[in-house]
Structures are given as structure tokens and as C-alpha cells.
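K.L.:
Quick one: the structure is below, and I'll ask about it shortly.
Numbering (the numbering used here), first residue to last: 3 to 417.
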């Protein structure tokens, strides 16, 4: 653990630039291609599975269970993330993760009509287990590709945010379109093929040697403890969890508020689409005008802006202002996400950077799921109540982060 402590100590001074080795010609283009393909497949897989099961005439509970088989294992990502920091070539590991994801997804959908659902479920669990390497794992490669200066790093993080937005938006859309034309099984096979292509592109990314020998890379629990005791990582972590928990209320509120706005229930799709398009616009904004300043303070400030956007959405008395508010929430959430990526890149010690990316991603997924469930529970009676509560929760966490930063010496010396 000595080297880990030295790495942590190096993070105490303000970070002027991300720890990249230098700009890599064409590296960012290949990175964006690989990340987009992998995340589109990861984002659309659960929709393809649910459609495949429901169109086969199986009960809804089975569709939900098999969908959970590919999403729930993402929470175990930190258990496989240590290999990112300890293996000799992270590109090989991520490329194999893409291959395994695609192969098990394809096998699951091809075997579903001819075998027991349990077999499909096991294959989907295997696919989900490597999913975090397609999300946070790929992101951990970006600091070494984008360039040495802070502006290049943060512009590249805007591209990274865009790949997540495209994956979460385009993936399900592609599945829906292909399913209507050729069936959900074909849609799932197209996603699987995308991961195979992503594997090839990942192998073309620039090689980056490991930051430490395997014996010096801490285990997952040690990495989580490091994040808890390092102030800047701690604040980034709990604000990320809080915002993910809170914005998960938006789709629930969108569906519930259509009656209040006196529009058709299908108009909820317009609200959620506005949020998604706002997110893509926000990522484009980060690319054109990269974030400047200390990432620690940016995370707090932008979390506050997300809270304001949610409050405005809750206060909207008619449909058109609500659409604008949802779009604004998408914009500021993309900026917030970019700030958290900057914090992970700039404040995580090199020998645990891959684990930090995957830990944050796993906890963010868990928080989003919990936020959706919570919003569904509290929404009865007042459709905008979840958004008011979400805004208040984010503001409370942002205030806590300010106090954390100004707190006792014991906290300040840890980051």
C-alpha cells in the first residue's frame, strides 16, 4: 500500500492538468468510435431482451427478470475492474470484454426459443458482468489519449459524455426500429455485431503501460476506502450518486404529469426526448467550450444547476415550459457528468484510475435504479413531488460538499 499512499499524497496539490502522456494522432477518433459502438450495444441490449421475451408471448415477469439479468451484474463491475489497473495491456482486456459481451448476448437470443429461460439468463448474466468494462473501463483509457493539457482533456471528456448519450438514446432507438422491421432477435444480433467491431477498434487504441505492478494495485474494497478518505474523490462520488438518483425521477414525473398538462400520455415521450436531446447538446457544448477551473468546485456548482433545472421542471405549469425545462436539465446534467469525468481523471491515483471509473459507474447505476423506484413510490397524488424532492436532495448534497471542502483539517488534508 506504500505506493498507493504516495499516489494519494500526490493528489493533494491542485491539479493543473490531467496525467496524459501526450496527444495521440487519431487516438481520440478511434476512442469515440469504439466507445459509441460499445455503449450503443450496452444501452440497447436490455430493450432487445425485453422485446424478444414479450413478443414471444412469455409473461411480463419473465421479460423483467431476463432484462435484470443483463443490467444487475453491472453492480459487480468493481470486482473485475482491478484487472484494468494491473494487466499489462488494458486494451486486450477491454477488447475481450467486448467479444464476451457480444458472444453471450448473441447466444442468449439465439438459444432462447429452443432452450430453458434459465440458460438464457445465465448467458445474459455473463454479458452483464463485462458491461462495466464497456462503460467505465473504456473511459479510463481516455486520459492517456486526449492530450497533456487540461483543455484537451476536458474537450475529450465532452466527446465521452456524447458517447454515453448516443448509447443511451440511439441504442434503444435502433432496437425499436429494427424490431419493428425484422424482429428483436435480429436487433440483438446487430448489437452483438457492434461489440465485435468495437473490440477491433479498441485494439487500435494507443498502448499505455500499466501505472504500477500488479502487486501494488489495491483491491476493490481498498479503492473504495481511498475514495472515501480523499476529499475531492469523496465529494465527486456522493454528488454523482445523488444526481443519478435524482434525475432518475424525470421519466416517472413525465408520465405522471401528462394529465396535469392536459396532453396525451404519449406526450411523455416528448419530455424524455427533450431531456435526451438536451444531454447531447450539453456534450456538444463541452466539446466546443471545455469546462475550466477546479473540477472539485465544478462538480458542486453544476450539481446545483441540475437541482435548479429540476425545480423549474417541477414548477412548470404547462407542457411547453416543461419541455424546455427537461431539455435544460439534460444540458446541465451533461456538463455535470463531464465535470465528474474530469474529477476522476485528475484526482484518482494512476494505479487505481480504472477501478475509480468503474466504481463510480456501478454506484451510479445502482443510484439510478433506486431513484426510479423511489419516484414511483412517492409520485402518488402529486406528479411533480418527486422533482421537488430530488432538487432539494441535490441542493442538500451540494451544500454538504461545500462544508466538506471547508471542514476540519482532517478532511482538508485528505483532498
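Just so it is clear, CB atoms sit at the ideal spot from N, CA and C, and this is done for glycine as well.
(1) In the DSSP assignment, find the alpha helix (DSSP H) that holds residue 174 and state where it starts and stops.
(2) Could you name the residues of the same chain whose beta carbon sits closer than 8 Å to that of residue 205, not counting the 5 residues immediately before and after it, in chain order?
(3) Taking residue 100 and residue 200 to be in contact with their CB atoms under 8 Å, please state how far apart those CB atoms are, rounded to whole angstroms.
(4) Please report how far the alpha carbon of residue 229 lies from the alpha carbon of residue 366, in whole angstroms.
(5) Comparing C-alpha positions only, which one of 203, 91, 338 sits nearest to residue 400?
(6) Is residue 71 helix, strand or coil by DSSP?
(7) Identify, in the order they occur along the chain, each residue of the same chain with its Cβ nearer than 7 Å to the Cβ of residue 397, setting aside the five sequence neighbours on each side.
(8) Within the continuous alpha helix (DSSP H) that includes residue 325, where are the two ends?
(9) Residue 233 to residue 53, Cα distance in whole Å?
(10) Is the distance from the Cβ of residue 340 to the Cβ of residue 327 below 8 Å?
(11) Spatial neighbours of residue 276 within its chain, please: CB distance less than 8 Å, with the 5 preceding and 5 following residues excluded, ordered by chain position.
(12) Roughly how many angstroms lie between the CA atoms of residue 175 and residue 408, to the nearest whole one?
(13) Quick one: which unbroken alpha helix (DSSP H) runs of 4-plus residues sit fully inside the stretch 68–151? Chain order, please.
(14) Could you check where the alpha helix (DSSP H) with residue 212 kicks off and where it finishes?
(15) How many Å lie between residue 113 and residue 193 at the Cα?
(16) Out of curiosity, what's the CA-to-CA distance linking residue 102 and residue 202?
(17) Name the residue from 282, 403, 179 whose alpha carbon lies nearest to the alpha carbon of residue 303.
(18) The ligand HEM heavy atoms versus the CB of residue 334: any closer than 7 Å?
(19) Residues in the same chain with beta-carbon distance under 6 Å from residue 377, minus the five sequence neighbours each way, listed in chain order, please.
(20) Could you please give the first and the last residue of the uninterrupted alpha helix (DSSP H) stretch that includes residue 221?
P.N.:
So, from the listed chains and residues:
(1) Here the question's residue 174 lines up with position 172 in the chain shown. Segment 152–184, the alpha helix (DSSP H) holding residue 174.
(2) As a working note, residue 205 is residue 203 in the chain shown. So the qualifying residues of the chain are 93, 94, 97.
(3) The count along the chain shown starts at 1 and reaches residue 100 at position 98. The count along the chain shown starts at 1 and reaches residue 200 at position 198. Contact holds; Cβ gap of about 5 Å.
(4) Translated into positions along the chain shown, residue 229 becomes position 227. Translated into positions along the chain shown, residue 366 becomes position 364. C-alpha separation (whole angstroms): 15 Å.
(5) Within the chain shown, numbered from 1, the residue matching residue 400 stands at position 398. Ranking 203, 91, 338 by Cα distance to residue 400 puts 338 first.
(6) Sequence index remark: in the chain shown, residue 71 carries index 69 (1-based). Three-state DSSP puts residue 71 in a helix.
(7) Here residue 397 corresponds to residue number 395 of the chain shown, with the count starting at 1. Excluding sequence neighbours, residue 397 sits near 306, 309.
(8) Taking the chain shown and counting its residues from 1, one reaches residue 325 at position 323. Note, residue 325: alpha helix (DSSP H), 321–349.
(9) One-based indexing of the chain shown puts residue 233 at position 231. One-based indexing of the chain shown puts residue 53 at position 51. Cα-Cα distance, rounded: 44 Å.
(10) Mapped onto the chain shown, residue 340 falls at position 338. Mapped onto the chain shown, residue 327 falls at position 325. Cβ atoms of residue 340 and residue 327: not closer than 8 Å.
(11) As a first step, residue 276 is located in the chain shown; it is residue number 274 there, counting from the start. Around residue 276: 325, 326, 328, 329, 332.
(12) Position 173 of the chain shown, counted from the start, is the residue given in the question as residue 175. Position 406 of the chain shown, counted from the start, is the residue given in the question as residue 408. In a straight line, the C-alpha of residue 175 is about 45 Å away from that of residue 408.
(13) 79–88, 92–113, 119–131, 133–136, 138–141, 145–148
(14) Residue 212 sits at position 210 when you count from the first residue of the chain shown. Unbroken run through residue 212: none, as it is neither H nor E.
(15) As a working note, residue 113 is residue 111 in the chain shown. As a working note, residue 193 is residue 191 in the chain shown. If you take the alpha carbons of residue 113 and residue 193, they lie about 16 Å apart.
(16) Mapped onto the chain shown, residue 102 falls at position 100. Mapped onto the chain shown, residue 202 falls at position 200. When rounded, the distance between both Cα atoms is 13 Å.
(17) Working through the chain shown from its first residue, we reach residue 303 at position 301. Ranking the options by Cα distance to residue 303, first place goes to 403.
(18) No copy of the ligand HEM appears in this structure; indeed no ligand is present at all.
(19) Here the question's residue 377 lines up with position 375 in the chain shown. Closer than 6 Å at the Cβ level, and outside the excluded window around residue 377, lie 251, 254, 388.
(20) Walking along the chain shown from the start, residue 221 turns up at place 219. Unbroken run through residue 221: none, as it is neither H nor E.
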